[in-house]
Amino acid sequence: MKDSAQAVIIGGGVVGASVLYHLAKIGWRDVLLIEKSELTSGSTWHAAGGMHTFNGEANISRLQKYTIDLYREIERLSGQSCGLHPNGGLMLAATQGELDSLRLICSRARYLGMETEMVSLTEAQNLNPLIDTSHFIGALWRADGGHCDPAGTTHAYVKAAQQLGAQVERFTRVLSLTPRRDRSWDVLTDKGVIRAGHVVNCAGLWAREVGHMVGIQLPVLAMEHHYLITEDIPELAGREREIVNTTDYSGEIYMRQERRGALIGTYEPHGVVWAPRRTPDDFTMQLLPEDFERLAPYFEVGFRHFPALGRAGIRKAVNGPFTFAPDGNPLVGPVRGVPNYWVACAVMAGFSQGGGIGLVLSRWMAENDPGQDILSMDVARFGAFATPKYTALKVPENYSRRFRLAYPNEELPAARPVRRSPIYERLIAAGAVMGANFGLEHALWFAPEGMARTETPTYRRSEAFPVVRAECLAVRSAVGIYETTNYGKYEITGRGARAWLDRVFASRIPRPGRLALAPMLNAAGRIVGDLSIACLAEDRFLIIGSGFAEEFHLRWFSLADVPADVFVGSAASTLAGVSIAGPRSRELVQRLTDTDLSAGAFRLFQVAETAVGLAPAILTRAGFTGELGYEIWTTPDYFATLYEELRAAGADLGLVHFGGRALSSLRLEKAYGSFNKDFRPDYTPGETGLDRYVDFGKSDFTGRAAALAERTAGARRRFVVMDVADTDVEVVGFESILKDGAAVGYVTSGAYGHCIGKSLAAGYIPAALVREGARFEIDILGEMRTATVRLQPLYDPESVRLRG
Ligand SMILES: Cc1cc2nc3c(=O)[nH]c(=O)nc-3n(C[C@H](O)[C@H](O)[C@H](O)COP(=O)(O)OP(=O)(O)OC[C@H]3O[C@@H](n4cnc5c(N)ncnc54)[C@H](O)[C@@H]3O)c2cc1C
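Each residue of the sequence shown is one higher than the last, beginning at 107 in the numbering used here.
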C-alpha cells in the first residue's frame, strides 16, 4: 500500500466510487480509495438501483440528471456495464394536492430541459398495465430515469477512475485520523499509515463513526428499508418493452419490472432506525431480518393498487439499511474547523445523486468552490441544533414522508420546538403559527382569536391568506412588530476587523454609527451572502444575514484567513431582535428611547447603541418591508421586557404582529430579493442587482476580478419581479418562465402583494429580454398565466415611505 496520497477517500460504495472518479477526472491522479471490505459492501450492494431526476430543488434535479447521463460515459471508459434500464418514470396522483404537485414538476422540468408530460390514466396504464387506475386521478410521465445495476455502476466508476491513475485498497480499514500541522492527515489503517492531503468521508453506513474520528457529530442515521421481488407475472409475458418505473404517492409505493416479475418497495409511516448508537464494525454484505408483520399493511396497499403483484408469489424479500440526514438531502462539503476533511454522506439516493455529488465535491476540493449552488446539500445547512436526538427524531419523520409531497406551506412537527426565543410563549399567546428555521421557532402568521392555528397543506391559497393580508395592510397603514431573532447574527471585533471585512465583503464597510448592505462574493464573483454590516465602533461590527445560513457563513468566514487581531463570533444565541415597521414606527420607538429619531437626526441606515425602554439595545433604522422601520437588538435576558414595553407603547398606535408570510409579501412589493430564495451562489452581482452595493473602487476583495469582468461584459440574465395576471394561485419557486413557448428563465419566489392587489413572481430572465412591461408566461399548476415585468417596485417606487 502506498504511504501518501493527495486525497484518501474512505468508503467504496457508489458515492466513494464517484468521488474517486471525479477527483481523477479533474486531474487529481494521486488519489486512493480505502474500503474495509469488498466494494459496495455497505448499503450499495442491495439497493434497488432506481434512478430519477425528480427533486423539489432545481439544482439537485440538475445534478441528478447529470448523474444519470454520466452512466454512459463511465461505461465507455471502463468497459463495465452499469446494467442500465432507462425505462423512464410514471408518478401517480390520488389527490388534488398530489396532482398539483405533478403539475408543478412539469412546469419546473421545462427550464431544466427534462422531458415530462401530464398523461391520462389510460396512457399511464399503457406504460404500466399493472396499475389499477381506479385508485388514481392523474399521472405524470418523464422520459429520464429507470434503474441500474448497483454493483455494476460502482465498479464502472472505480474502473474508470483507475484508468485515470486512481488507486483502490480493498479489505483495508481506516482506524483513526490524526491532523498534522500542515493541514494534512495521518490516516491510520490496519495495514499502515498513509499521509493524505485531504480526507473524504464517504463511509455511508459508518459515516457517523468516521465523523467521530475527527470529533464531529454528523446528523446522519440509518433506517431499515424493505422491498420485495415477485415471481413471474403473467401480465408481463410477451411484452417487448419493460414497464415504466412507477411511483405511487398515496400508496407510498415504488415498483418496477425485475426480469419477468416486479420489484415493489414501500416507505412505511413507522420506520425503524437501524444501529441508532453505533454501526457494527463487522456488518458487511448483510441483510436484516424481514419484518412482514409490520410491513404487511403497507405492501397490501401496493397489492391493491397493482393487483397483479398481489397475485404473484414473493420470490425474494430484502430488508437493508441506508442512511439519511434529517431533511433527506445528502451532507456534502467541508466542515468548519476541520481543515481538509470533506464529507459526502447521508446519500439516500446514491444512484440518482452519486455522480452529481462527485462532480461538485471534486470541484470544491480542487478549486475551492463547488462551481454551483448546492446549499440544499451542503453539510453547513445544519448547525449545533442537529444533535443526535434531533437527528433521531427527524430522520424517521423524513423516511415516513419520503413519498409524501411536501407542500410549500407545510411545517413538519418532529423535534419541535428545539430553539425558542424568550418571547416564544408570548407570541404563541398572541396566536402565532410557528415555523422552524435553523432549529429556531419563528412566527409565520398570527391566527386571530377564535381561528384554528392549523393550516391545510396546499399549493394554493390557504386559510391564512386573509390573515396575512390583514397583517400586511396594518404594517403599511400603522405599525407592525416582527421578531428577527431568527436572522443570522455575527460579531466581528478587533483592531484588524475593518481591514478584514473590507477584503471579505464586496461592499463599502460603513463608518461608526452607520449600516451598509453588503454582498459577499466567492472568487468566481457569485453571491455567497447578502448581509448587512452595522459599525458599532471602529473595531466592532454587527453583521446580520440569513438565519438558515448561520453555519454556512461562519464556515465562509473561518476559511477567509482570519488574522490574529480579528475575532469572528456567532451572535445566534446571544442577541435577540425585533423589527418595528410602518408609518407609526418612529412614534412608537421614540416613546421608549432618548435617542432623537427625527428624520434628520436618525436617517435610514443609522445605527445607535442606546436604551430602548429598560433594555440596552442596538438600534438600527433598517428593515425589509419598504416602510419606515427600525430593528432593535438586545441580549436574550432583556428581550421579553423589550417586547412587552414595545407592545404597551404601541397599543394605541395600532401595533400588530406580523409574521414571515407577511414579510414575504411586503418585500416582493418592494422587489427586494432574499438570500436562499432569490440570491444564491448561482448568481452574480449584475444578475441580482446587488452590484449597486459593490464598491468597485476598492483595490481588493474576494470576487473582485470576476465582478469587474461582469461589469464590463454585462450580466447575462437579470433578477426581475413580475405581476401575474388572472391567477388565484401564487408561484412557489422553480416554475419555468416562457417566452413564445420556450423556457427562458425560472421563478425563485412568489407571494401575493396584498397592498397592491397583485400576484407577484420573482425570478431570472435573459438580460436581453428585460424591459418594462415585457410579457412572459408562467405555467402555474397547469394553467398558463401572463407575467409582466415591472422594473420599478410596485409599491412606493421612489422609496418615499422608507426614507420618511
Ligand atoms: C433496500 C434498499 C434499497 C435501495 N434502493 C435504492 C434505489 O432504488 N435507488 C437509489 O438511488 N438508492 C437506493 N438505496 C440507497 C443506496 O443504497 C444508497 O444511497 C447508497 O448505497 C449510498 O452509498 P454510499 O457509498 O454513501 O454508502 P455505502 O454503500 O454504505 O458505502 C460505504 C462504504 O464505506 C466503507 N467503510 C466504512 N467505514 C470504513 C472504514 N473505517 N474504513 C474503510 N472503509 C469503510 C464500507 O465498508 C462501505 O462499503 C437503497 C438502499 C436500500 C438499503
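Cβ coordinates follow ideal geometry from the N, Cα and C atoms, glycine included.
- Runs of the beta strand (DSSP E) lying entirely within the region 715-759, each at least 3 residues long, are 721-726 and 735-740 in chain order.
- Judged by beta-carbon spacing, Val-280 lies within the 8 Å limit of Ile-140, meaning their Cβ atoms are closer than that value.
- Comparing C-alpha distances from Arg-400 to each of Leu-393, Tyr-373, Arg-347 and Leu-415 shows the shortest one belongs to Tyr-373.
- Rounded to whole angstroms, the separation of the alpha carbons of Val-438 and Met-107 is 28 Å.
- Classified as exposed, His-376 has fewer than 16 neighbouring CB atoms from the shown chains inside 10 Å of its CB.
- Arg-314 and Asn-628 have their alpha carbons spaced roughly 30 Å apart.
- The C-beta separation of Leu-887 from Tyr-565 comes to about 6 Å, placing the pair in contact by the 8 Å criterion.
- Taking each of Ser-855, Ala-717, Ala-643 and Val-695 in turn and checking the Cα distance to Thr-599, the smallest one comes out for Ala-643.
- In this model, Leu-720 and Ile-480 are separated by some 44 Å (Cα to Cα).
- Judged by DSSP in its simplified three-state form, Tyr-852 adopts strand.
- Under the criterion of beta carbons closer than 8 Å, Glu-733 and Arg-907 qualify as touching, at roughly 6 Å.
- Taken in chain order, the whole beta strand (DSSP E) runs of length 3 or more contained in the region 397-471 are 420-430, 437-441 and 444-451.
- Taking one beta carbon from each stretch, the region 843-862 and the region 646-662 have fewer than 3 pairs nearer than 8 Å; the two do not touch.
- Phe-708 is not a Cβ neighbour of Phe-544, given a cutoff of 8 Å.
- Within 7 Å of the C-beta of Thr-390 there is at least one heavy atom belonging to ligand 1.
- Placement of the Cβ of Glu-141 at a distance of less than 7 Å from at least one heavy atom of ligand 1 is found.
- Closer than 7 Å to some heavy atom of ligand 1: that describes the Cβ of His-331.
- With 16 or more neighbouring CB atoms inside 10 Å of its own CB, Gln-459 falls in the buried class.
- The shortest C-alpha to C-alpha distance from Trp-448 to any of Val-114, Ala-570, Glu-750 and Gly-863 is the one to Val-114.
- Sequence-distant Cβ neighbours of Ala-492 in its own chain, meaning closer than 7 Å and more than five residues away, are Pro-325 and Pro-432.
- Two segments are said to touch when three or more pairs of C-beta atoms, one from each, lie closer than 8 Å; by this definition the region 253-265 does not touch the region 219-236.
- If you draw a straight line from the Cα of Val-830 to the Cα of Ser-685, it is about 29 Å long.
- Distances taken from the Cβ of His-191 to the heavy atoms of ligand 1 include none shorter than 7 Å.
- Partner residues in the beta bridge of Ser-842, as assigned by DSSP, are Tyr-852.
- A direct Cα-Cα distance of roughly 55 Å separates Gln-268 from Gly-765.
- Take the alpha-carbon of Thr-353 and the one of Met-361: they are about 7 Å apart.
- Bridge partners of Tyr-360 according to DSSP: Thr-353 and Gly-371.
- Nearest to Ala-821 by C-alpha distance, out of Ser-704, Ala-714, Ala-682 and Arg-632, is Arg-632.
- For Trp-247 against Gly-194, the beta-carbon gap comes to about 7 Å, under 8 Å, which counts as contact.
- With fewer than 16 other Cβ atoms inside 10 Å of its own Cβ, Gln-898 counts as exposed.
- For His-332, there is no enclosing alpha helix (DSSP H); the residue is part of the beta strand (DSSP E) that begins and ends at 327-336.
- Taking Ser-691 as reference, the option from His-659, Phe-711 and Arg-727 with the minimal CA-CA separation is Arg-727.
- If you compare the alpha carbons of His-860, Ser-805 and Arg-753 with that of Arg-767, the shortest gap goes to His-860.
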